Amino acid sequence: MTGTPQIGRGRKGALFLWLWKGVKVALTVAVTFLGLLLVTFAISRFMSVDPVLRAVGDRASQSTYDAMFLEMGLDRPVWEQFWIYLTNVLSGDLGSSFLTKRPVIDDLARVFPATVELATVGIVIGTLFGIPLGVISAVKQGRAIDQIVRVLGLVGYSAPIFWLGLLGLLLFYAQLGWVAGPGRIDIAHEYSFTATTGLLLLDSAMQGAWAAFGNALSHIILPGALLGYFSMAYISRMTRSFMLAELAQEYVTTARVKGVPEWRIIWVHALRNAAVPLVTVVALSYAGLLEGSVLTETVFAWPGLGLYLTNSLQVADMNAVLGGTLVIGAVFVSLNLLSDLLYTLLDPRTRRQVRP
Amino acid sequence: MFIRARLLATAAVAALALTTAPLSAETPPDTFIQAWAIDDMITLDPAEVFEFTASEIIGNSYETIIGYEVDDVSKIFGRVAESWELSEDGKTMSFTVRQGKKFASGNDLSAEDVVYSLVRAVKLDKSPAFILGQFGLTPDNVEEKVKQTGDYSFTLEMDKAYAPTFLLYCLTATVAAVVDKDLVQSNEVDGDWGYNWLKTNYAGSGPYTIREWRANEAVVMERNDNWDGERPAMARSIYRHIPEAATERLLLEQGDIDIARKLLPEEIEALSQNPDIKIQSGVKGTIFYLGLNQKNEHLAKPEVREAMKWLVDYDAIAETLVKGMKKKHQTFLPEGFLGALDENPYSFDPAKAKDLLAKAGLPDGFTVTMDTRNTPEVTSIAQAIQQTMAAAGITLEIIPGDGGQTLEKYRARTHDIYIGQWGPDYQDPHTNATFAQNPDNSDTAASKPLAWRNAWEIPELTAKADAAVLERDAEKRAQMYREMQEEVLATSPFVIMFQESEVVAMRKNVEGYIIGPSFNDNSFRAVTK
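Order-wise, the sequence lines are chains A and W. If you want our numbering, it's the 1-based position in the first sequence plus 643. If you want our numbering, it's the 1-based position in the second sequence plus 63.
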């Protein structure tokens, strides 16, 4: 008697569960963004910086100052200012930067691709080197190679990026001439193609401007490798500890007893299982790089998000700061969702949990 | 397994090496590339531009009504104006505009454009509008006061009979740059005088046009073929935003830029040893000083004010910390200005300072704070002053802050001592009368010159400054400024220390670069390489 309805409930229940999961994700995202905006807004309001003075300059007369004060809406109560901003954001308007007077969305569309390009090169390098090094280090635990990898990681962790960046420039750019210097592309190549996506490597390659592509690559490789080194340090350490945990598992012993070749045990069996938590590690590293690295961007004159946000923050350019924060929030949320999704693909157990 | 890993690594390194073929380290022959920090730029509209970088860009892309010789500021000439004549009562100046000039757009430049530009600047009322406002021009009356009288003539009526040179120098400022009326008007939205458009666009007649400004990245300028002067050799001139001095140095040494503009003394020192590089410097009008707030009971004593002037080791700082970038200068008018006084009576003399402090009833010194902008240069000067002040028992506490934070306190008069700089807005001595003028010392005053910011109440000196701006005889006027400088030197709460120089480093093959007394005089139109 109870059997048949249960099956029906089960099917509806599955649908309901999926829906519920969707709603939950949407709610989490909404709350995250609201919280993010609220905190950023509060911080910038309580910062001891006068945004009006920054916008009009030191020589402005009192009347110019007052006019700007009204224009910025600073005469209204703080909650009202926040509410106005929030309703604008919901209708897709991030406002204009007080400083550049341009729509924040345009500014972001210009600086974010620069950061995306750099971060992507960085994370690719970091992952390509970080995972194998971590695995080797775990397999050869306590041996010389393990020590070397760990020291490399430690240096990557603790060396100031500013210093490493300048040193890299000095060696590879000034002394050896292997790579191009600071900036994204040389003037000579700048107008040989149109920047449609803002990702210079992609744009130049799609339009067949190979000389420009080579130049852009030559510019990005050093800062990219530097960021790659930093994420490599983190990724290799995490890989090492995940692999150590896996290699101690019983299925590894079983595989060995069965005579599975050692390389297969390490690179296929164990790494596949270690890959699940590694996805989160890589995603978070990538998200970290996408925030923009202020110091790297300064040394390499890279016009990215980090530099933009820092500059805006220093002058209390509210709309720009909030817009940039939204972008970073969106990056984190979407990469988190993506790694959740990859989890379900990589780990059958998580799939089963969702299905009733 | 190891063989595989090694193979992989070798392949990766080889791939890296292949993608980075040897580079030609040379800028294109028809392009002049400058590295500078351009993050202070907020606009390209001459009615609003007040920043160093943007005013230099305006100076090279627009033409002002009047100009002066960069190596002798006293020699004034007409740029857009051909001639001018003052009325009998000294209140109305009639200008004739040069004929045959064209904007980059191809439109003719006539008196209509000049009048439009002045009216527009006053009506928009942005930061530099006060330069024109000094002559009684307000958003309400400017259309009656600045009038077109013919295709190539217009008049400007002032509220008082000011010294004519005062007006003419103010018309050399970027706020008096002539904009293309037709072009700007065609981009006007809701009566905004084309303000939102001109912020990021160009409507001028100067040697270069502004093709593109990418904030914190680059400014791209191109030769204006409609300009009536000698055709510039460089077809393009590009500013790259390179905020790091060490990075600028590397780029310059590699030949990826032609000139580096934001270098610190150590980079200059190192670059001067390089045979491919040359150093060029020019004196700027910027004054570096300490402001002693008279609301502080100790600093308000005349003996203490004087003692402070004996407690800075001017020579040591100029010779070491800021070598080549600043030189000793103690009067409020920069060298080259009408009536500038070349007198530097103060030196580091702790014994004299101690006597003065004893007379002020403070034989054991006192404790005082100094709001200090946290840049390496300002901080190092502040620390040097901290040491020399200690020689007379004064404990100087340095309060670090960023530019905005220190400035906010200064403007609110809540500082003890402020260390900072003042740059002239135009080349007339009145621009620095801010050191000697304070019409109303109350907290709610409408006018807030530097003397007000330091709460220095000086009705007599203010009257002298007011009189000087009305003196039409140049020699008499110069004498008045000399007297004012003597008095400020002796009694003021300003410890004026240095005048700044701009030092740049460039590739040896670059010729014709001009460093002028103000940033809008810096010029690259004659550059060859």
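The beta-carbon is built from N, C-alpha and C at its ideal position, and this holds for glycine as well. Given the structure is predicted, the values throughout are model-derived calculations rather than measurements.
Checklist entry - Do GLN343/W and ILE578/W have their C-beta atoms within less than 8 Å of each other? => result Here residue 343/W refers to the residue found at position 280 when the second sequence is read from its first residue. Here residue 578/W refers to the residue found at position 515 when the second sequence is read from its first residue. Yes, Cβ-Cβ distance for GLN343/W and ILE578/W is below 8 Å.
Next on the checklist: To the nearest angstrom, how far is the alpha carbon of LEU921/A from that of VAL764/A?
Outcome noted: Against the first sequence, residue 921/A aligns to sequence position 278. Against the first sequence, residue 764/A aligns to sequence position 121. Computed Cα separation, rounded: 18 Å.
Next on the checklist: Looking at chain W, is there any beta carbon in it that lies within less than 8 Å of the beta carbon of THR941/A?
Outcome noted: The count along the first sequence starts at 1 and reaches residue 941/A at position 298. Closer than 8 Å: yes.
Checklist entry - Among THR310/W, ARG286/W, MET371/W, which has the Cα closest to the Cα of ASN329/W? => result Counted from its first residue, the second sequence places residue 329/W at position 266. Note on residue identity: the sequence assigns Glu, not Asn, to residue 329/W. That would be THR310/W, whose Cα lies nearest to the Cα of GLU329/W.
Item to check | 8 Å Cβ cutoff met for GLN484/W and PHE400/W | outcome: To locate residue 484/W, count along the second sequence from 1; it is residue 421. To locate residue 400/W, count along the second sequence from 1; it is residue 337. The answer is no: Cβ separation not under 8 Å.
Checklist entry - Near GLU760/A, what residues of its chain come up, given a Cβ to Cβ distance below 7 Å and the 5 sequence neighbours on each side ignored? => result For the purposes of this step, residue 760/A is taken as residue 117 along the first sequence, with counting starting at 1. LEU842, LEU843, LEU844, ILE863, listed in sequence order.
Item to check | Candidates PHE975/A, LEU948/A, LEU988/A, TYR986/A, of which the one nearest THR758/A by Cα | outcome: The residue labelled residue 758/A in the question sits at position 115 within the first sequence. Of the listed residues, the one whose Cα sits closest to THR758/A is LEU948/A.
Item to check | Same chain, Cβ closer than 6 Å to HIS304/W, neighbours up to 5 away in sequence not counted | outcome: To locate residue 304/W, count along the second sequence from 1; it is residue 241. Excluding sequence neighbours, HIS304/W sits near ILE101, ASN279, GLU280.
Item to check | Collapsed DSSP secondary structure at SER87/W in the structure displayed | outcome: Numbered from 1 along the second sequence, position 24 holds the residue referred to as residue 87/W. Here the model assigns SER87/W a pLDDT of 45, short of 50, so the residue's position is not dependable, and the following value carries that caveat. In this structure, SER87/W counts as coil in the three-state DSSP scheme.
Next on the checklist: On the CB-based measure, 16 or more other CB atoms within 10 Å of its CB, does ARG899/A come out buried or exposed?
Outcome noted: By one-based count along the first sequence, residue 899/A stands at place 256. Exposed: under 16 other Cβ atoms inside 10 Å.
Item to check | Cutoff 8 Å: THR591/W Cβ touching any chain A Cβ | outcome: One-based indexing of the second sequence puts residue 591/W at position 528. No - not a single Cβ of chain A is within 8 Å of the one on THR591/W.
Next on the checklist: Can you find the residues in the same chain that come closer than 8 Å, C-beta to C-beta, to THR837/A, ignoring five residues on each side of it along the sequence?
Outcome noted: For the purposes of this step, residue 837/A is identified with residue 194 of the first sequence, where counting begins at 1. Within the same chain, THR837/A has close Cβ partners ASP846, GLN850.
Next on the checklist: Using beta carbons (cut-off 8 Å, strictly below), is LEU985/A in contact with chain W?
Outcome noted: Taking the first residue of the first sequence as position 1, residue 985/A is located at position 342. No, its Cβ sits nowhere closer than 8 Å to a Cβ of chain W.
Next on the checklist: I'd like the list of long-range same chain contacts for PHE943/A, defined as Cβ closer than 6 Å, with 5 residues on each side in sequence excluded.
Outcome noted: Within the first sequence, the letter at position 300 stands for residue 943/A. Within the same chain, PHE943/A has close Cβ partners PRO825, PRO866.
Checklist entry - Beta-carbon of ASN287/W versus every beta-carbon of chain A: anything under 8 Å? => result The count along the second sequence starts at 1 and reaches residue 287/W at position 224. With 8 Å as the cut-off, ASN287/W does not count as an interface residue toward chain A.
Item to check | chain W contact for ASP693/A (CB, 8 Å cutoff) | outcome: Your numbering for residue 693/A matches position 50 in the first sequence. So yes, ASP693/A belongs to the interface.
Next on the checklist: Is the separation between the beta-carbon of VAL925/A and that of SER687/A shorter than 8 Å?
Outcome noted: Here residue 925/A is taken as the residue at index 282 of the first sequence, counted from 1. Here residue 687/A is taken as the residue at index 44 of the first sequence, counted from 1. No, the Cβ-Cβ distance between VAL925/A and SER687/A is not below 8 Å.
Checklist entry - Who are the near neighbours of SER87/W in its chain, counting only those whose CB is closer than 6 Å to its CB and skipping five residues on each side? => result Residue 87/W sits at position 24 when you count from the first residue of the second sequence. Confidence at SER87/W is low in this model, with a pLDDT of 45, below 50, so the placement of that residue should be treated as unreliable; the coordinate-derived value is given next. Cβ within range, chain order: n/a, list empty.
Checklist entry - How would you write the range of the beta strand (DSSP E) that TYR352/W sits in, first residue to last? => result Along the second sequence, one-based indexing puts residue 352/W at 289. From DSSP, the beta strand (DSSP E) with TYR352/W extends over 340-355.
Checklist entry - From PHE95/W to GLU285/W, what does the alpha carbon distance come to, in whole angstroms? => result Position 32 of the second sequence, counting from 1, holds the residue named residue 95/W. Position 222 of the second sequence, counting from 1, holds the residue named residue 285/W. Rounded to the nearest angstrom, the two C-alpha atoms are 10 Å apart.
Checklist entry - If you count every other CB in all the chains shown that lies within 10 Å of the CB of GLU316/W, and 16 or more means buried, which is it? => result Position 253 of the second sequence, counted from the first residue, corresponds to residue 316/W. When all chains shown are included, GLU316/W counts as buried.
Checklist entry - Looking at chain A, which residues of the region 463-495 of chain W have a Cβ within less than 8 Å of any of its Cβ atoms? => result ASP465, GLY467, GLN468, LEU470, GLU471, ARG474, ASP488
Next on the checklist: Give me the DSSP bridge partner(s) of HIS304/W.
Outcome noted: In the second sequence, counting from the first residue as 1, residue 304/W sits at position 241. Looking at the DSSP assignment, HIS304/W forms a beta bridge with TRP99/W.
Checklist entry - Would a C-beta distance cut-off of 8 Å place LYS391/W and GLU563/W closer than the cut-off? => result To locate residue 391/W, count along the second sequence from 1; it is residue 328. To locate residue 563/W, count along the second sequence from 1; it is residue 500. Not closer than 8 Å, so no.
Checklist entry - So is the beta-carbon of ILE96/W under 7 Å away from any non-hydrogen atom of the ligand PLP? => result The model on display carries no ligand, and the ligand PLP is accordingly not part of it.
Checklist entry - Can you tell me the Cα-Cα spacing of LYS262/W and THR438/W, whole angstroms? => result Translated into the one-based positions of the second sequence, residue 262/W becomes position 199. Translated into the one-based positions of the second sequence, residue 438/W becomes position 375. Between LYS262/W and THR438/W, the C-alpha separation is close to 29 Å.
Checklist entry - With respect to the alpha helix (DSSP H) encompassing ARG697/A, which residues constitute its N-terminal and C-terminal limits? => result The residue given as residue 697/A occupies position 54 in the first sequence. That run of the alpha helix (DSSP H) goes 694-699.
Checklist entry - Pick from ILE559/W, PRO580/W, THR591/W: whose alpha carbon is nearest that of VAL573/W? => result Taking the second sequence and counting its residues from 1, the one referred to as residue 573/W is at position 510. The shortest Cα separation from VAL573/W among ILE559/W, PRO580/W, THR591/W belongs to THR591/W.
Next on the checklist: Could you compute how far the alpha carbon of THR383/W sits from the alpha carbon of ALA370/W?
Outcome noted: The residue given as residue 383/W occupies position 320 in the second sequence. The residue given as residue 370/W occupies position 307 in the second sequence. C-alpha separation (whole angstroms): 23 Å.
Checklist entry - Under the DSSP definition of a beta bridge, which residues are partnered with TRP515/W? => result Start at 1 with the first residue of the second sequence, and residue 515/W comes out as number 452. Looking at the DSSP assignment, TRP515/W forms no beta bridge with any residue, so it has no partner.
Item to check | Reference SER555/W; option with closest CA among ILE457/W, TRP373/W, LEU355/W, THR477/W | outcome: Residue numbering aside, residue 555/W sits at position 492 when the second sequence is read from its first letter. Ranking ILE457/W, TRP373/W, LEU355/W, THR477/W by Cα distance to SER555/W puts LEU355/W first.
Checklist entry - In the DSSP assignment, what are the bridge partners of SER216/W? => result Locating residue 216/W in the second sequence gives position 153, counting from the first residue. THR159/W, GLY213/W.
Checklist entry - Applying a beta-carbon distance threshold of less than 8 Å, which residues of chain W neighbour ARG883/A? => result Start at 1 with the first residue of the first sequence, and residue 883/A comes out as number 240. Ordered by position in chain W, no residue passes the 8 Å Cβ test against ARG883/A, which lies about 15 Å from the chain.
Checklist entry - When DSSP labels each residue in this structure, what does ALA568/W get in the three-state scheme? => result Here residue 568/W corresponds to residue number 505 of the second sequence, with the count starting at 1. Here ALA568/W sits in strand by DSSP.
Item to check | For ASN287/W and TYR271/W, believed in contact at Cβ under 8 Å, the rounded distance | outcome: Stepping through the second sequence from its first residue, residue 271/W is reached at position 208. Stepping through the second sequence from its first residue, residue 287/W is reached at position 224. The Cβ separation is near 6 Å, so the contact holds.
Next on the checklist: Assuming ALA281/W is part of the beta strand (DSSP E), what are its boundary residues?
Outcome noted: Taking the first residue of the second sequence as position 1, residue 281/W is located at position 218. Segment 281-286, the beta strand (DSSP E) holding ALA281/W.
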